Each structure stands twice: as structure tokens, then as C-alpha cells.
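Right, one structure below, let's go through it.
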Amino acid sequence: MGALNRDVKVLVIGAGAMGSGIAHVAALAGHAVYLYDMNAEAVARGKAGIEKDLRFLVGKGKLAEAECVATLARVRPVTALADAGDAGLAIEAIVERLDVKQKLFLELEALLGEDAILASNTSSLSITAMAAPLARPERLVGLHFFNPAPRMKLVEIVSGLATDKALAESLHATAKAWGKVPVHARSTPGFIVNRVARPYYAEAQRVLAEGAAAPATLDAILRDGCGFPMGPFELMDLIGHDVNYAVTNSVFDAYFGDKRFTPSLIQQELVQAGRLGRKSGRGFYDYREGASRPQADDEATRSAAGTVTVVGDLGVAAGLIGRFEAAGIKVQREAGKGAGHIEVGEARLALSDGRTATRRADEEALANLVLFDLAADYASTPRLAVALADQCGSGAAQLAIGTLQKAGLAVSRIDDVAGMVALRTVAMLANEAADGVLQGIGSARDIDTAMRYGTNYPKGPLAWADELGIRRVATVLANLREHYGEERYRVSPLIQRKAITGATFHE
Ligand code: NAI
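The sequence shown runs 80 to 586 under the numbering used here.
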């Protein structure tokens, strides 16, 4: 079954933020679209919103005037569902309540033709449960668009227990024909994106709770150092803490209280205080008139070493070598076993392995250990976080920091938390993604695609794990597990298995 023919009429129910965006997408792709809402004003507002968005595209030269007019003409507001009886695809984007959606689908099943496809844009409800009351539950598929639907590329095609495979394939092909990036997902709490993304918020709040650094510094480490489009705190402020906290709680509850998804007390308190983020004027940051935005804490400029010694293979961090050389720092090389490191004067600089610097310094009998965090690309990252072992002398640490600064890096010193910030975040994202693969929620390729297009992550978490080396990821997670003794950091069985042979997730 290929993509739906352009002459199939689409019925969109619910003309709010998502419904009007979905109507926009389907109409632009050439379908006649019926737009219905129980509130007639919402339909008028929805259509006006579509017109505004299309006019914006015309203004930017991205859409021809004639196409804009034709697209708008294809969106037909209806005041009763019965006026849309010849629709071949019905997509609901109404209130997020199972009972209300079930009732709507029963109505649609009675109204529409035998071959009509029923689709739900739900972001959290079970497609299996939603389809259960229907005479033909195989006709219902999840079609999860992201907000704003016209701009966000990802669509999760969600199959419930009864969903017809051919139908899910057809919607996959249809979404592609509409210019989207579709992925298949099995109906499980949070589907792919809302589940795999949880550690992005959770790990940041965890290290904040442990006093690793201020939100502005942690945001900068993940945004500037790791290439995420927004840091976790500014992103939560944008999403709204009520919404983000509710999603975390719903995933946590739906997985029967799995510790992996434990909500944060810090966020709970923000919700309790009514500090919901941008929309209420305060969240992690202050958005009120006249408030100033805190900057990331950078280490003051220190003096640099003239020579460094790279011992062994730095792996993903090898890009630092060229930066030292370009800054006029002489780089000597020495053979070495295991993960490589850099000797700077009396200090040793090394990528974190999930242990605290203090514990690693103790276990390896190192006097002056300075750990650095993960970066998306060490050859070009503008920022790097470091953590000092408690045993580390300040002179040795300052020379290591100054040498990184001379290589063009803004250095953020964080407290000595296990796995630092970016490394533990990426390792936990990969851990969640790996469990998603193991549990058949999506393929490795689809999960990575979903995270790149649904959240704009710079890399898919599994591709990132491949790049880092699956054994290193397994070590980081095992060290976090041991450090905290918490179930939350258990290592995905698939990561454990791949670490034995060093296998990758992608070819
Ligand atoms: P919204 O509140 O902007 O719009 C919902 C619309 O549905 C309203 O205009 C309301 O009048 C109408 N409605 C409610 N019950 C109805 C019924 N029984 N029959 C007909 N119309 C009805 O909500 P939004 O944000 O557009 O969300 C809609 C759905 O999309 C929800 O299931 C939500 O979980 C899902 N979703 C939301 C995303 C978001 O970021 N807002 C992202 C992805 C999915």
C-alpha cells in the first residue's frame, strides 16, 4: 500500500494548535481538508492561522501566491461531522482524554466509509486502548505530529496491538509525500521521542540538584559544547514546567514507576510556585521586564603550558590535538594502553568515564586529575566543561585550564559530579534509546531519526554511542550505576550485550 492518493479527502477534528497545523500540511500537499471543531470559533481561528502561516511563506518567497490561494481553498470548515462523510482519512487533534477520543472514533466509524483510516495525534495515550471499543480497531493508527506541525518534520506513525501493518505503511508513505520525516513506533508510553528525551531534562536537573553548576552554565555546556539547539533549562522554561512535568509524570506512571523516569523535585517545586517558565515570567530564568539573563560561568584566563604530552589514543577527543598545535602548543606523543589522556605539566587531563574525578584519582593514584566532558566535536567546540579531583593541586589545575583556554576553549568548571554533564546526558539518552530498540518500540534508525527531527538533537543518541564507542558508553553507565547504587542508572541489556563484542548500532 503506497501513499494515499491526493484525491482522498482528509477530515481534521480539533482546530487548535495541532489540528490547524495538520490541516495546513495536508492541504498544502494537495488534499481537500474538512476542518471541524466543536467550537465554531476555533475553526475560524484555525483557518485564519493557516492563512497567516501561508502568507508568511509567500512573503518569504517560499510559496507562490496561486498555490497559497489554492491551498486555502482546499481547507473547508464544517460545522457538523456529518458534512465530512466522504473523508478517507480522519485525523483527530482534540482534547487529550481517552474517553472523549474513544467516543469520537466510534462516531467516525459509524459515519465514514469502510476503507476510511482513523488517526490520532495523541502524544501520550495508548493507541491500543483508543482502538479497543471500535468494531474494526485495525483501522486506527497514531499519527503523532510535533508542534508546530507545518515546521517540525517528524511524524511518529504509532501502531497499536490491532493496527493493520499495511495501513501504518500507507500512512508512513503519505507522511513522506507530505514532506515529513516519518518513523514507525509501537504504542508504548511516550512513544519514541517523549520517552527517549526524558534524560535530557532529568540528568540536567539531577546535576543541578547536586550543585554541579548554575543552570546558565549547564545550558551552555550542552548547547555550545554539545550542539543541542537549546540547553535543558531554557528548553523546559520554553515548553512550560507544567507541561514538561506532566509528561515526565505520565511516562513515569505509565511505566509503573520505573526509576529511570523519576520526576525532579526541583521541577515539582517550580510548578508548585507557579514558575512555569516563559509563559508565567519566571522559571529557571527570570523573564520579567528588566530582569537580566545570567551568563555561563567561565574560568578566568590562566597561563598555558608550552608543551603537552598526549599519551595513547584520545578517541573522540583527538580533535583537541590539532587545536593545541594551532595555538602554538607543542604536542608530544607517547604510546599508552586504554583510553588516552593528556599530560599538562603536573596535571592529567582526561575524558570522564563516569566516575568522579576524586574517585578516579584515588583508584589510579593520580595526584592532579582534571576531567573534561563530552563535546559534539572537539576540533571545533567553543566550550568545554572540566571537573577537578579533590586531590588536585590548584596550580596544576590552573595550568591545565589555561592550556585548554589557549586552544580556544571557554572552560566551565563544574563540581566533581559523576559522568559530568554532557557525557552522562548523552550516555543516558543512548541507554533509553537502546531499551527502545530492545523492546521493539522502534528500530535504531527510526529512533535516531525521531530524536534528530522531533527534538533537533545534533546526532541520534545511538549514532553518538557508536561514535563514542559502545564500551565507553557501557562503562560510563556502569560507573553511574555503581556511584549512585540506583536502579535509574541500570545499563540497557542491549548496551551490555553490544559492549562484549564492541558491536555498533548502525552499520
Ligand atoms: P488545543 O487545545 O490547542 O486544541 C484542541 C481543540 O480541540 C480545541 O479547539 C477544542 O475546541 C477542540 N475539541 C476538544 N474536544 C473536542 C471534541 N470532542 N470534538 C471536537 N473538537 C474538540 O490542543 P492541541 O495542543 O492542538 O492538542 C490537540 C491534541 O494534539 C492533543 O491530543 C495533544 O495531546 C496532541 N498534541 C499536542 C501537541 C502540542 O505541542 N500542543 C504536540 C503533539 C500532539
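Beta carbons are placed, not taken as given, at the ideal position from N, Cα and C, and that holds for glycine.
Source: prediction; values computed, not measured.
Relative to the ligand NAI, the beta carbon of Glu-188 is positioned no closer than 7 Å to any heavy atom. When beta bridges are read from the DSSP output, His-420 appears opposite Val-390.
Of all C-beta pairs linking the segment 299-311 to the segment 511-519, fewer than three are shorter than 8 Å, placing the two stretches out of contact. Assignment of Gly-221 by DSSP, reduced to helix, strand and coil, places it in the strand class. Comparing alpha carbon positions, the residue from Leu-142, Leu-151, Gln-181 closest to Ile-173 is Gln-181. Inclusion of Thr-201 in the 7 Å shell around the ligand NAI follows from its C-beta lying nearer than that to a non-hydrogen atom of the ligand. By the Cβ criterion, the segment 473-484 is not in contact with the segment 521-530, since fewer than three pairs of Cβ atoms, one from each stretch, lie closer than 8 Å.
Around the Cβ of Ser-343, a 10 Å sphere holds 16 or more other Cβ atoms; the residue is buried.
With respect to the 8 Å criterion, Val-234 and Pro-268 are not classified as neighbours on the basis of their beta carbons. In the structure shown, Phe-331 falls within a helical segment according to DSSP collapsed to helix, strand and coil.
Annotated three-state conformation of Ile-271 is coil, per DSSP. In the DSSP assignment, Glu-511 falls outside any beta strand (DSSP E) and lies within the alpha helix (DSSP H) extending over 501-517. With a cut-off of 7 Å, the C-beta of Asn-226 is classified as near the ligand NAI, since at least one heavy atom of the ligand falls inside that distance. Judged by DSSP secondary structure, Arg-524 falls within the alpha helix (DSSP H) whose first and last residues are 523-533. An exposed status is given to Arg-367, since fewer than 16 other beta-carbon atoms sit within 10 Å of its beta-carbon. Thr-460 sits buried, since 16 or more C-beta atoms from the chains shown fall within 10 Å of its C-beta. For Pro-216, the secondary structure class from DSSP, reduced to helix, strand or coil, is helix. When the five nearest sequence neighbours on each side are left out, the beta carbons in the same chain lying within less than 6 Å of the beta carbon of Thr-327 are those of Pro-342, in order along the chain. Each of Gly-433, His-103, Ser-371, Lys-538 was checked against the Cα of Pro-227, and the nearest Cα belongs to His-103.
As summarised for the segment 355-413, the continuous beta strand (DSSP E) elements at least 3 residues long and confined to that stretch are 386-392, given in chain order.
Look at Glu-146 here: in three-state DSSP terms it is helix. C-alpha of Gly-164 to C-alpha of Thr-207: approximately 25 Å in a straight line. In the structure shown, the three-state DSSP call for His-585 is coil.
In this structure, the alpha-carbon of Ala-454 lies about 16 Å from that of Pro-311.
Our two residues, Ala-476 and Lys-577, have alpha carbons roughly 36 Å apart in a direct line. Apart from the 5 residues on each side of it in sequence, Arg-361 sits with its Cβ closer than 6 Å to the Cβ of Arg-354 in its chain, given in chain order.
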